[in-house]
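Chains as they are written, first to last, in this note's numbering: chain S, 572 to 840; chain L, 1182 to 1766.
First the structure, in the form of structure tokens, and then the observations on it.
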């Protein structure tokens, strides 16, 4: 597999829109050609080589191409947007919209990401070893059509509105989440190992939510239906005892979503 | 020489002059169609070789929501409509974005790419006229005008109740001039006023709250007033109960009301281009987006097409013309002055919703909507929109629209044209649709395929004739505006089963000529032409007008703005073009 290494060297005082950084765009190109691809910074376009030192040629196809970003790129947005295959490894933290609308392949961020990772994602794997800010796998502003497929794994914490409007795929958060986790979802799975604050599953009309820790303020509009132990969703395991709820009954499409909440951590429910 | 051009050897379709694909040359001098150019003029003129191509008058859209307050609400509430559909700026053009509700610049460019040169905004609330004109002024490439929403106006309802027709006439004339608008739009008469109280009206003889006038009173009153004042266009009617199963009956009955009212468009102060067909309307009512007014059944469970009930009536009567309101599937934004209808859609979908009460005048609602082939009702609506156009035997009674962006954005017109021209296109789509499209509508067995001449009628000639613009638009007769669309279609070799090529040809006109200048070529804007804004300026009896204005001033205490800030001055218009009419009343 061919490896293209991008070493950040430029001035990122204004954020850079790097939707061209995908294995699809790099495949079949030499390091020099890759360096000539254009990215927007503010109102102007510049070649990638103004911001990164490019080493290594792309592979024959996206599948055969790995991009390694060697350092923090927190001021670089849209890395891997719409990628269909191949791999991106970031040795550091990324900016907004990492892996937005990705269709296939794999992105590994060995650090944190800003908001909107995996927005409206359709397939593939997005793995963030640190924390993510808001709107993980959610819909764009104004829309309720979020992630439809693929998997997002966040080892640390995630912010608000994880999986907003999601209808397929999986989001696994190792740590805690903030508000509006799984709001308006109608399909898919969100498994949170840690705690949530409030409005978990608000207006959900389908799909499955699992909260392994505590919920500060439980969403009204959910009704308990059962108690289940050691949940298993294909390869995703959620050990322990869970109270199972149906909801959200606060909206016309009543009670088609499933919410599991750790029994041990939420005794008052 | 600017605005001078020779378009040679094209297959010309000019329905108002009964030219059906003959190979001929079109000459334009100083922006107007002429018989010929002198040798000296020809030397300087731009020449287009249109051999093997289709030449039509520039497209005319007589019903589209493109400018004004509710359109802008659609933009503001739909960021998700923008971020995947955008255009970068070029040295000549502005940037823009928006799929179903484009920004003003993008909207103008997109129309021009399809060969359209004239577009009328379907609904201008009087209080929002300034806003509408500001947006129309900034919409490039197309001549424009707007229809004033008067179907639930407090003054008119009061005058109609009191039977004070003279004052009502003076009021309408004054309002048109004050707000620089072109014709009368009537939306859910009596019902939108009731919506202020959380209600609607359900029948033509149901009197509304406080004003106690019925939809029938309003439709009858406004059509009579329209003819009394001699407007160039008929009353533009959005019937009651729109969007509800079974509404086709109330629509048909609404069309019966103006049956006995004779169309009397007065001669305005314009020079008429030569036409073979009578360029003036004989209809007293122009029903808009018929599809939305033609729902059959009694509930969503037994929902079916009710189009035939209306087209049968239209086929056997001469006083009705209508546009279709086709549904081409995909994202749309529903926006109308019919507040209660949009509220019902909100309850049905749970989508985000905006509602406005325009004080003493009207209302409106906006809601994002997606039409899916897999949805039973939507797939029937798709079939119904095409039925409206295919079931009407005489193309001169119908106009093609999508009620943009209600049924779908206007950029889908090429797709609609393909369905009208190609049975194969319809059958192929039918196969992808929910089975209701087959079972609950008659489209599947309709084999009619529209000719290019009929397409020219429903997309330009009849739209222009209906709204009284055939003196300069929708025709290539001598003296007409030099607005021409040239499409990459060779009528001699046209195979309608290859409908993808029809879509491609109408999506990007080979040339769009406006005022004798090539403004767009193969989807690329090459010039930004001057544009005109039409409005109707009717003279009425000065004494009657004075009495009426005293009334209006008296009631202005109910308005949130001052009387002096009410009118829209001409400076808000790009090249204001008044159509002057002496009403002799």
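Even glycine gets a Cβ: it sits at the ideal position worked out from N, Cα and C.
1) If you measure from the beta carbon of residue 713 (chain S) to each beta carbon in chain L, is any gap under 8 Å?
2) Tell me the residue span of the beta strand (DSSP E) that contains residue 802 (chain S).
3) Establish whether the CB of residue 823 (chain S) and some CB of chain L are separated by less than 8 Å.
4) Quick one, which of S:672, S:706, S:673, S:676 has its alpha-carbon nearest residue 685 (chain S)'s?
5) Do you know whose CA, among L:1511, L:1519, L:1558, lies nearest residue 1487 (chain L)'s CA?
6) Shortest alpha-carbon distance to residue 1785 (chain L) belongs to which of L:1466, L:1444, L:1420?
7) Please tell me whether residue 577 (chain S) and residue 610 (chain S) are closer than 8 Å, where the distance is taken between their beta carbons.
8) Counting only beta-carbon separations shorter than 8 Å, does residue 1258 (chain L) have a partner in chain S?
9) Could you round the C-beta distance between residue 1572 (chain L) and residue 1508 (chain L) to whole angstroms and report it? I think they count as a contact, below 8 Å.
10) Whose C-beta lies closer than 6 Å to the C-beta of residue 1514 (chain L) among residues of the same chain, with five residues either side of it excluded?
11) How many Å lie between residue 809 (chain S) and residue 1300 (chain L) at the Cα?
12) Report the three-state DSSP secondary structure of residue 1205 (chain L) (helix, strand or coil).
13) Determine the direct distance from the alpha carbon of residue 1332 (chain L) to that of residue 1701 (chain L), and round the result to whole angstroms.
14) Quick one, are the C-beta atoms of residue 1234 (chain L) and residue 1670 (chain L) less than 8 Å apart?
15) Closer than 9 Å, Cβ to Cβ, to anything on chain S: give me those residues from the segment 1517 to 1534 of chain L, in chain order.
16) Please return the same chain residues whose Cβ sits closer than 6 Å to the Cβ of residue 1388 (chain L), not counting the five positions on each side in sequence.
17) Under 8 Å, Cβ to Cβ, is there at least one residue of chain S near residue 1286 (chain L)?
18) Does DSSP put residue 1467 (chain L) in a helix, a strand or coil?
19) Out of L:1272, L:1271, L:1276, which has the shortest C-alpha to C-alpha gap to residue 1264 (chain L)?
20) State the DSSP-derived secondary structure class of residue 1307 (chain L), mapped to helix, strand or coil.
21) Answer yes or no: do residue 1326 (chain L) and residue 1716 (chain L) have a C-beta to C-beta separation smaller than 8 Å?
22) Exposed or buried, residue 595 (chain S), counting other C-beta atoms within 10 Å across all chains shown (16 or more means buried)?
23) Could you tell me the boundaries of the beta strand (DSSP E) in which residue 1538 (chain L) lies?
24) Can you pull the chain S residues whose beta carbon is under 7 Å from the beta carbon of residue 1264 (chain L), in chain order?
25) Counting only runs of 3+ residues fully inside the segment 1462 to 1518 of chain L, write out the beta strand (DSSP E) ranges in chain order.
26) With the cut-off set at 8 Å, would you say residue 1339 (chain L) and residue 1415 (chain L) are in Cβ contact?
27) I need the straight-line Cα distance from residue 1370 (chain L) to residue 746 (chain S), nearest angstrom please.
28) Based on the DSSP secondary-structure assignment, which residues constitute the bridge partners of residue 1668 (chain L)?
29) Within its chain, find whatever has a CB closer than 8 Å to the CB of residue 1200 (chain L); leave out the 5 residues flanking it on each side and keep chain order.
30) Three Cβ pairs or more, each shorter than 8 Å: is that satisfied between the segment 1357 to 1377 of chain L and the segment 1724 to 1736 of chain L?
31) Taking Cβ positions only, does residue 1613 (chain L) come closer than 8 Å to chain S?
32) As a quick exercise: from L:1480, L:1458, L:1381, L:1490, pick the residue whose alpha carbon is nearest that of residue 1430 (chain L).
33) Cα separation between residue 1750 (chain L) and residue 1647 (chain L)?
34) Please report whether the beta-carbon of residue 1485 (chain L) lies at a distance below 8 Å from any beta-carbon of chain S.
35) Between the alpha carbons of residue 657 (chain S) and residue 678 (chain S), how many angstroms are there, rounded?
36) Report yes if the C-beta of residue 1404 (chain L) is less than 7 Å from at least one heavy atom of the ligand ADP; otherwise report no.
Taking the geometry as given:
1) Chain L contact via Cβ: present.
2) Note, residue 802 (chain S): beta strand (DSSP E), 794 to 804.
3) Cβ-Cβ to chain L under 8 Å: yes for residue 823 (chain S).
4) With distances taken between CA atoms, residue 685 (chain S) lies nearest to S:706 out of S:672, S:706, S:673, S:676.
5) Closest option to residue 1487 (chain L), Cα to Cα, is L:1558.
6) One cannot answer for residue 1785 (chain L) here, as it falls past the ends of chain L, which runs 1182 to 1766.
7) The criterion of a C-beta distance shorter than 8 Å is not satisfied by residue 577 (chain S) and residue 610 (chain S).
8) So, interface residue.
9) A Cβ-Cβ distance of about 16 Å is found for the pair residue 1572 (chain L) and residue 1508 (chain L), leaving them out of contact under the 8 Å criterion.
10) Scanning its chain for C-beta atoms nearer than 6 Å, with the 5 sequence neighbours on each side dropped, one finds around residue 1514 (chain L) the residues 1255, 1281, 1282, 1549, 1586, in chain order.
11) Distance from the CA atom of residue 809 (chain S) to the CA atom of residue 1300 (chain L), rounded to whole angstroms, is 59 Å.
12) In this structure, residue 1205 (chain L) counts as strand in the three-state DSSP scheme.
13) Cα to Cα, residue 1701 (chain L) sits roughly 38 Å from residue 1332 (chain L).
14) For residue 1234 (chain L) and residue 1670 (chain L), yes; Cβs fall inside 8 Å.
15) So the list reads 1528, 1531, 1532, 1533, given in the order they occur along the chain.
16) Taken in chain order, the residues that qualify are 1395.
17) Under the 8 Å criterion on CB atoms, residue 1286 (chain L) is classed as non-interfacial with respect to chain S.
18) Here DSSP, grouped into helix, strand and coil, assigns residue 1467 (chain L) to strand.
19) For the options L:1272, L:1271, L:1276, the alpha carbon positioned closest to that of residue 1264 (chain L) is the one of L:1276.
20) In the three-state scheme derived from DSSP, where H, G and I count as helix and E and B as strand, residue 1307 (chain L) is classed as helix.
21) It is a contact, given that the beta carbons lie within the stated cut-off.
22) Per the 10 Å Cβ criterion, buried.
23) 1535 to 1539 is the extent of the beta strand (DSSP E) around residue 1538 (chain L).
24) Neighbours of residue 1264 (chain L) on chain S, chain order: 711.
25) Under the rule that a run must span 3 or more residues, the beta strand (DSSP E) segments found entirely inside the segment 1462 to 1518 of chain L read 1466 to 1468, 1501 to 1504, 1511 to 1517.
26) Contact: no.
27) The alpha-carbon atoms of residue 1370 (chain L) and residue 746 (chain S) are separated by roughly 58 Å.
28) Answer by DSSP bridge pairing, in chain order: L:1235.
29) Cβ within range, chain order: 1193, 1194, 1657.
30) Contact fails: fewer than three Cβ-Cβ distances are below 8 Å.
31) Contacts with chain S at 8 Å (Cβ-Cβ) do not include residue 1613 (chain L).
32) Closest by alpha carbon: L:1490.
33) Straight through space, the alpha carbons of residue 1647 (chain L) and residue 1750 (chain L) are spaced by roughly 27 Å.
34) Not one chain S Cβ lies under 8 Å of residue 1485 (chain L).
35) Cα to Cα, the separation comes out at about 9 Å.
36) Ligands in the displayed structure: none, and consequently the ligand ADP is not present.
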